[in-house]
Amino acid sequence: MGRTLQNTMINLGLQNACDEAIYQLGLDMEELEEIEEDAGLGNGGLGRLAACFLDSMATLGLAAYGYGIRYEYGIFNQKIRDGWQVEEADDWLRHGNPWEKARPEYMLPVHFYGRVEHSPTGAKWVDTQVVLALPYDTPVPGYMNNTVNTMRLWSARAPNDFNLRDFNVGDYIQAVLDRNLAENISRVLYPNDNFFEGKELRLKQEYFVVAATLQDIIRRFKASKFGSTDSVRTVFDSFPDQVAIQLNDTHPAMAIPELMRIFVDIEKLPWNKAWDITKRTFAYTNHTVLPEALERWPVDLVEKLLPRHLQIIYEINQRHLDNIASLFPNDVDRLRRMSLIEEGGTKRINMAHLCIVGSHAVNGVAKIHSEIVKTQVFEDFAALEPEKFQNKTNGITPRRWLLLCNPGLAELIAEKIGEDYVRDLSQLTKLHEFVDDDLFIREVAKVKQENKVKFALYLEKEYKVKINPSSMFDVHVKRIHEYKRQLMNCLHIITMYNCIRRDPAKLFVPRTVIIGGKAAPGYHMAKMIIKLINAVGHVVNNDPIVGNKLKVIFLENYRVSLAEKVIPATDLSEQISTAGTEASGTGNMKFMLNGALTIGTMDGANVEMAEEAGEENLFIFGMRVEDVTELDREGYNAQKYYDQLPELKQAIDQIKSGFFSPKEPDLFKDVVDMLFHHDRFKVFADYEAYVKCQEKVSELYLNSKAWTKMVIKNIAAAGKFSSDRTIKEYARDIWHVEPSNLKIPPPNEPRDVVEEKTPNGTAA
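Note that UniProt numbering has the sequence shown beginning at 1, numbered continuously upward.
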């Protein structure tokens, strides 16, 4: 979520009034804003996407709730010591959180372990351990519409009789100390991005958020007029018309068996009726195609922690496979491929398969990704129910990612096309009229230059390096992962360095290369990549021959509040994942909206950015998905590229020989070994095209006017990538709700006038 103060002022239309008031108190608003901690309650794009979605849902007047866990410790703070990443706990609540309100009156029990008793009246889950879920509510204001939605985060609390119910009252002190065991559930965020770690505590977290949330939703449904009680029992027929639940990846997949458990075991609905309601309630968004990221929980772990849920999953699977066997008799391999349970070695539950079977809609997050989902990853399921599979291209909120972080550019745009674009970003196309307007071109360039100077001062303060603000700011910020190919960027840096050293007199377009992002603490290769970037930076930044032509900065502790500083100052945005690996990307959209040009592969949303702006207005290079597939078929041979490309050979030889680590010559042996023998992401295969493309970038940068014209064309084409557009599509195609344009009257105006106009809508 990042920081809340400035976003709240902007969405309430109070920023200028507050700035003025604070100024009159002799304080500086920006200084105050810097004191607030980021709420870092997610890992990368997935968590930030949810935050943008909350902003858009409130702005579109949807009755929507965001549910999650109130982690005591969020994503770790990253320190760089001697070029290595070191993790520190993110104690973000140390000084309290003024934006949240605890709601103990809505506290709910969540059950774990125990066993299942079967009787004529149905199944009962008994002898469980109870953990209480305490909700904390954070307001989510819409943009200038007096709508405030709620983000509800659950915190784990031990019941007061925890460990004291049993007869072992003997050790009262130990029993109280053991309360920590229950409360550890919401202690810390697992810091993996695009990687599955099958730990029991993680499964507990996933079930905890799901069980608390579903009870909350059902309580709200029953309290509304729709949950009309038939003498004793609630009628749930209208449930899917009143409730839509979007599963953000498979992490909340246990919601499917949990809702079935509530309907069948507690509410005593017949299975078929419960299953129909459940499927119509859930929709699933897939966020990655990397096999190592797919959640596959061991059956024995689920059996221990959630025995009734395992039985329900088996029943869902049995009916699912019976259906497939009737459609495809004797096709045993198809049954194996489509089963929710993977046999062989340890039996595992494929959570993506559970989500697909238990949802009425499945979507990818960019056109190319949704195609890969349909034709490769889940092709058997798409063949069975093609109408279930959709695309919903990701977006970003223009409130935080333009108004808040780049007020200079936002104001410049408003001068030309008015202020309405903030709620309807498609209006940015009106900027096409000004592509040849010399004054506008100069003003756009001036805003960028001011942002660069401001960021250069920040870098000089934080990193004690002199930055040349007229150099090209070449920025690569995202989680560190082999598929995102920060290594390819690193090889380009070394190539530029060697080029300067070979001929110091030759014209070289000065660059400041900024790379930032966190590596999962257990991801050895990602940590080596950070060390390599810092080692290369140390050599480059201290070579007098290079001077200020080339600087390399590793941006420490990349997070939302730092993104808000670096993105508006960026000239070149690096989006260079191997084609077919980045589901969408959203940083790419933030840079486009803030006047950077993109160097990238035809991957994720880059494809649609090129479609919107014209491919000639992005720097597109490298293999397409088809080329990658072809290369896999014939076998990728890294050695071939090394032998044929002298610049690549030189760079690799320098890394290998210890040129960048003279005290430890074989420090990067693992990295080099990976690049030659098991590089799944084919860095060498795109190296030559990347370097050539970078030469084109430098060439254009020399012509400031032509560069800025291309920038304006990109901004004018960025409208599609508003999360408002994304959410309107979810609302129309999946949730079946209508966004409302009605501005709720402020509290000081009478309400009765508008009450009749307020439509009854589904809560998403």
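Just so you know, even glycine gets a beta-carbon here, dropped at the ideal spot from N, CA and C.
In the structure shown, Met151 adopts extended strand secondary structure according to DSSP, grouped into three states. In the structure shown, Leu25 falls within a coil segment according to DSSP collapsed to helix, strand and coil.
In the displayed model, Asn184 falls within a helix according to three-state DSSP. In this chain, Pro665 is not harboured by any beta strand (DSSP E), its DSSP state being neither H nor E. The Cβ atoms of Val365 and Val289 lie no closer than 8 Å to each other. According to the DSSP secondary-structure assignment, Ser119 is paired through a beta bridge with Gly122. For Val357, the uninterrupted alpha helix (DSSP H) run begins and ends at 351-357, by DSSP. With fewer than 16 neighbouring CB atoms inside 10 Å of its own CB, His678 falls in the exposed class.
A contact between stretches requires three or more CB pairs, one per stretch, nearer than 8 Å, and the segment 674-689 meets this requirement with the segment 612-624. Annotation: the continuous alpha helix (DSSP H) that includes Tyr687 extends over 683-702.
Taking 8 Å as the cut-off, the beta carbon of His360 is found closer than this to the beta carbon of Arg280.
Contact annotation: the segment 243-255 does not touch the segment 331-343, with fewer than three C-beta pairs closer than 8 Å.
For Pro109, the pairing in a beta bridge is given by DSSP as Leu132. Beta-bridge annotation (DSSP): Asp603 is not paired with any residue.
Burial is judged here by how many other beta carbons sit within 10 angstroms of a residue's own beta carbon; Trp84 has fewer than 16 and is exposed. In the structure shown, Ile417 adopts helical secondary structure according to DSSP, grouped into three states. Per the DSSP secondary-structure output, Tyr67 pairs in a beta bridge with Arg152. Within the segment 441-502, the alpha helix (DSSP H) runs of at least 4 residues that lie entirely inside it are, in chain order, 486-502. In the DSSP annotation of this structure, the continuous segment of the alpha helix (DSSP H) that includes Lys565 starts and ends at 560-566. Cβ-Cβ distances below 8 Å link Ala50 to Gly42, Gly66, Gly68, Asn248 in the same chain, with the five nearest sequence neighbours on each side left out; the list follows chain order. Under the Cβ criterion (8 Å, minimum of three pairs), the segment 92-105 does not count as touching the segment 113-124. According to the DSSP secondary-structure assignment, Leu555 is paired through a beta bridge with Gly516. Boundaries of the alpha helix (DSSP H) around Glu303: 299-305. Taken through DSSP and simplified to helix, strand or coil, Tyr73 comes out as strand.
The beta carbon of Thr59 sits closer than 6 Å to those of Gly142, Tyr143, all from its chain and outside the five residues before and after it, given in chain order. Per DSSP, the beta-bridge partners of Lys101 are Asp137. With a cutoff of 8 Å on beta-carbon distance, Phe473 and Ile712 are scored as not near each other. If you draw a straight line from the Cα of Ile515 to the Cα of Leu667, it is about 21 Å long.
Between Cys355 and the set Leu259, Arg219, Lys304, the nearest pair of CA atoms involves Leu259. The alpha helix (DSSP H) runs of length 4 or more contained entirely in the segment 207-252 are, from start to end of the chain, 239-242. Asp265 is the residue among Gly13, Asp265, Gly44 whose C-alpha sits nearest the C-alpha of Glu117.
Separation of Phe239 and Phe263 (C-alpha to C-alpha, rounded to the nearest whole angstrom) is 11 Å. For Gln390, the uninterrupted beta strand (DSSP E) segment begins and ends at 389-391. For Trp84, the secondary structure class from DSSP, reduced to helix, strand or coil, is strand. Shown here, Ser573 sits in a strand according to DSSP, grouped into three states. Annotation: Phe381 is outside any beta strand (DSSP E); the continuous alpha helix (DSSP H) that includes it extends over 379-384.
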